[in-house]
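Residue numbers (this note's numbering): 48 to 134.
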(Lines of atoms letter the chains of each structure in order from A and count residues from 1; the text may use other names and numbers.)
(Lines give C-alpha, C1' and ligand atoms only; values in the text may rest on other atoms or scores of the structure.)
Protein backbone atom coordinates (compact mmCIF):
# COMPACT_ATOMS: atom_id res chain seq x y z
CA UNK A 1 0.00 0.00 0.00
CA UNK A 2 1.36 3.37 -1.04
CA UNK A 3 1.16 6.47 1.20
CA UNK A 4 -2.32 8.10 1.15
CA UNK A 5 -3.01 10.67 -1.56
CA UNK A 6 -3.12 14.31 -0.50
CA UNK A 7 -6.63 15.54 -1.31
CA UNK A 8 -8.44 18.82 -0.83
CA UNK A 9 -11.46 18.59 1.49
CA UNK A 10 -11.43 14.82 1.90
CA UNK A 11 -8.95 14.39 4.74
CA UNK A 12 -10.67 11.51 6.56
CA UNK A 13 -10.93 9.44 3.37
CA UNK A 14 -7.62 7.60 3.24
CA UNK A 15 -7.24 6.83 -0.46
CA UNK A 16 -4.01 5.19 -1.54
CA UNK A 17 -2.61 3.18 -4.42
CA UNK A 18 -2.55 -0.57 -3.82
CA UNK A 19 -0.42 -3.04 -5.76
CA UNK A 20 -1.73 -6.62 -5.70
CA UNK A 21 0.61 -9.29 -7.01
CA UNK A 22 -1.57 -12.27 -7.85
CA UNK A 23 -2.60 -14.54 -10.71
CA UNK A 24 -6.11 -14.43 -12.19
CA UNK A 25 -7.37 -16.88 -14.83
CA UNK A 26 -7.85 -15.20 -18.23
CA UNK A 27 -11.59 -15.96 -18.33
CA UNK A 28 -12.06 -14.12 -15.00
CA UNK A 29 -10.48 -10.83 -16.05
CA UNK A 30 -12.75 -7.76 -16.19
CA UNK A 31 -10.21 -5.69 -18.15
CA UNK A 32 -6.95 -6.16 -20.05
CA UNK A 33 -3.88 -6.58 -17.84
CA UNK A 34 -2.46 -3.20 -16.85
CA UNK A 35 -5.73 -1.31 -17.42
CA UNK A 36 -7.35 -1.85 -14.01
CA UNK A 37 -7.04 1.79 -12.96
CA UNK A 38 -8.72 2.93 -16.18
CA UNK A 39 -11.57 0.43 -15.63
CA UNK A 40 -12.09 1.60 -12.06
CA UNK A 41 -11.87 5.26 -13.07
CA UNK A 42 -14.57 4.70 -15.72
CA UNK A 43 -16.93 3.14 -13.16
CA UNK A 44 -16.32 5.66 -10.36
CA UNK A 45 -18.80 8.36 -11.56
CA UNK A 46 -21.54 5.73 -11.91
CA UNK A 47 -20.83 4.49 -8.40
CA UNK A 48 -20.87 8.00 -6.96
CA UNK A 49 -24.18 8.86 -8.65
CA UNK A 50 -25.70 5.64 -7.32
CA UNK A 51 -24.57 6.48 -3.79
CA UNK A 52 -25.83 10.07 -4.14
CA UNK A 53 -29.25 8.78 -5.21
CA UNK A 54 -29.44 6.44 -2.23
CA UNK A 55 -28.44 9.21 0.18
CA UNK A 56 -30.95 11.65 -1.33
CA UNK A 57 -33.71 9.06 -1.01
CA UNK A 58 -32.80 8.39 2.63
CA UNK A 59 -32.79 12.12 3.40
CA UNK A 60 -36.19 12.53 1.77
CA UNK A 61 -37.59 9.70 3.90
CA UNK A 62 -36.12 11.11 7.13
CA UNK A 63 -37.53 14.57 6.40
CA UNK A 64 -40.96 13.06 5.74
CA UNK A 65 -40.95 11.10 9.00
CA UNK A 66 -39.72 14.16 10.93
CA UNK A 67 -42.39 16.41 9.42
CA UNK A 68 -45.14 13.90 10.22
CA UNK A 69 -43.95 13.69 13.82
CA UNK A 70 -43.78 17.49 14.18
CA UNK A 71 -47.34 17.83 12.90
CA UNK A 72 -48.64 15.06 15.18
CA UNK A 73 -46.85 15.74 18.49
CA UNK A 74 -48.01 18.49 20.83
CA UNK A 75 -45.79 20.33 23.28
CA UNK A 76 -46.76 23.27 25.50
CA UNK A 77 -50.29 23.18 24.08
CA UNK A 78 -49.30 23.49 20.41
CA UNK A 79 -48.10 21.19 17.65
CA UNK A 80 -44.31 21.08 17.37
CA UNK A 81 -44.64 22.34 13.80
CA UNK A 82 -46.20 25.56 15.10
CA UNK A 83 -43.08 26.44 17.13
CA UNK A 84 -41.10 28.86 14.99
CA UNK A 85 -37.71 27.58 16.19
CA UNK A 86 -38.47 24.07 14.89
CA UNK A 87 -39.75 25.03 11.45
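Even for Gly, the Cβ is constructed at its ideal location relative to N, Cα and C.
DSSP, read as helix, strand or coil, puts residue 131 in helix. In the three-state DSSP reduction, residue 64 falls in the coil class, being neither helix nor strand. Taking the C-beta atoms as reference points, residue 117 is found nearer than 8 Å to residue 127. Note that the C-beta distance between residue 51 and residue 62 is below 8 Å. Taking the CA atoms as reference points, residue 77 sits about 28 Å from residue 54. In this structure residue 65 is in contact with residue 48, their Cβ atoms being roughly 5 Å apart against a cut-off of 8 Å. Within the model, the alpha-carbon separation for residue 134 versus residue 114 is close to 9 Å.
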